[in-house]
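Numbering (full-length UniProt numbering), first residue to last: 1 to 273.
In what follows, a single structure is set out as structure tokens and then discussed.
In structure tokens:
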């Protein structure tokens, strides 16, 4: 009975926590169909009293939403694909090869996860400006090509790949390039799914670095572009809620695509290697 009561209590706590997490999102989506007058009214209601579509219809005209959205999709997808590849490659080398200095290299990778991003932003900014990469997507992609978190996850995931399978592939005449791309990659789907979700979310929501490096409006990303709704004297809350509601869709889509293997990938990455 005590165990059942504890299970019920934990389930109730999870349900309450889930509702508290989802409620602001639901409020934002419903508010995107309200006029600014209704949003700023003293008496608030969950459902819009007079639903309007102007907040969505005016996004492109007043905000150039589509350009910002496509820019963010390009950068997020490019970085995510590169991180997946480099993480798998580094994780495979560190997990399945024995060479001098392997533990030291892995320790350095782990140390990069402990250094606050704010500590490196000034030297990184100076370096990229001096390299002539200001207002270039390369300035957003290059620093994120290798992820310490991704390397750690994939190294731990390599524990699930039997060494005998790799040796059998070598005996069949496969070279290291073929083994990595035709054997290791398909067997690393769980870890890849976890990395894809985390990395896409981090890049999609990144604000400070694109704000510093991208100057032209045509190249700007959505996270920075959303700040244009904040005027000097007023804020277009309806348009802001509408743009934010749409901007969350890619993150949800990525999670839906990879969620089947996400839990298994995180669990495998948590196993001590």
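The beta-carbon is built from N, C-alpha and C at its ideal position, and this holds for glycine as well.
Beta-bridge partners of residue 235 (DSSP): 230.
Judged by DSSP secondary structure, residue 103 falls within the alpha helix (DSSP H) whose first and last residues are 102-114. Excluding the 5 residues flanking it on each side, residue 95 has same chain C-beta neighbours closer than 6 Å at 155 and 158, in chain order. Going by DSSP, residue 168 is part of the alpha helix (DSSP H) stretching over 163-171.
Annotation: residue 35 is outside any alpha helix (DSSP H) and is labelled neither H nor E by DSSP. About 18 Å separates the CB atoms of residue 191 and residue 145; that is not less than 8 Å, and the two are not in contact.
In this model, residue 48 and residue 248 are separated by some 21 Å (Cα to Cα).
Unbroken beta strand (DSSP E) stretches of 3 residues or longer found wholly inside the stretch 18-92: none.
The residue among 4, 256 and 180 with its C-alpha nearest the C-alpha of residue 97 is 180. The Cβ atoms of residue 215 and residue 130 lie no closer than 8 Å to each other. Judged by their CB atoms, residue 150 and residue 195 are nearer to each other than the 8 Å cut-off. Where residue 123 is concerned, the enclosing alpha helix (DSSP H) starts and stops at 117-130. Going by beta carbons, residue 56 and residue 222 fall outside the 8 Å limit.
Taken atom to atom, the span from the alpha-carbon of residue 90 to that of residue 183 is near 15 Å.
In the structure shown, residue 97 falls within a coil segment according to DSSP collapsed to helix, strand and coil.
Nearest Cα to residue 59 within the set 238, 3 and 186: 238. Of the residues assessed, residue 220 falls on the buried side of the cut-off, its CB having 16 or more other CB atoms within 10 angstroms. If you check the CB distance, residue 32 and residue 241 come in under 8 Å.
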